[in-house]
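**Student:** What follows is a structure written as structure tokens; I'll ask about it next.
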Amino acid sequence: MGLQVADSFLVSDGAVRGIGLHRARFVGSCAAAGVDAAPYWDQQVSRLPGFGRWFPRFELHDTGELAVQRRPAPTTGGRVRVA
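Counting from 484, one number per residue, gives the positions in the sequence shown under the numbering used here.
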């Protein structure tokens, strides 16, 4: 089962930065592949936990199947350095 479209984002205590942008990118990419993913996206986003840190991945497979992987967010370090 090959992956055609994927989008991941960080959920922190129910908040997501740029959720509308993630939705537009995923739904638009799925539409280009001939799949209406908007209802699925909206339903699954409403089911994401409102607490903790999560890193869900929304997927469209080459079979036309939509899926979401509800994954715990990776740990992050305390500091980031940009050179």
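Idealized CB from N, CA, C, for every residue including glycine. Treat the numbers as computed from the prediction; the structure is a model and nothing was measured.
1) If I measure Cβ to Cβ from Arg554 and keep anything under 6 angstroms in the same chain, skipping five residues before and after, which residues do I get?
2) Leu486 lies in the beta strand (DSSP E); which residues open and close that run?
3) So is Gly517 in contact with chain B if we call contact Cβ pairs under 8 angstroms?
4) My output table needs one value for Ala550: the three-state DSSP class, helix, strand or coil.
5) Note the first and the last residue of the continuous beta strand (DSSP E) segment covering Phe509.
**Tutor:** Reading off the structure:
1) For the purposes of this step, residue 554 is taken as residue 71 along the sequence shown, with counting starting at 1. Counting only Cβ-Cβ distances below 6 angstroms, and skipping sequence neighbours, we find Phe538.
2) Along the sequence shown, read from residue 1 onward, the residue named residue 486 stands at position 3. It spans 486-491 - the beta strand (DSSP E) in which Leu486 sits, taken as one unbroken run.
3) Protein chains in the displayed structure number just one, and chain B is not present.
4) Position 67 of the sequence shown, counted from the first residue, corresponds to residue 550. It is a strand residue.
5) Here residue 509 is taken as the residue at index 26 of the sequence shown, counted from 1. Careful: Phe509 lies outside any beta strand (DSSP E), inside the alpha helix (DSSP H) at 502-515.
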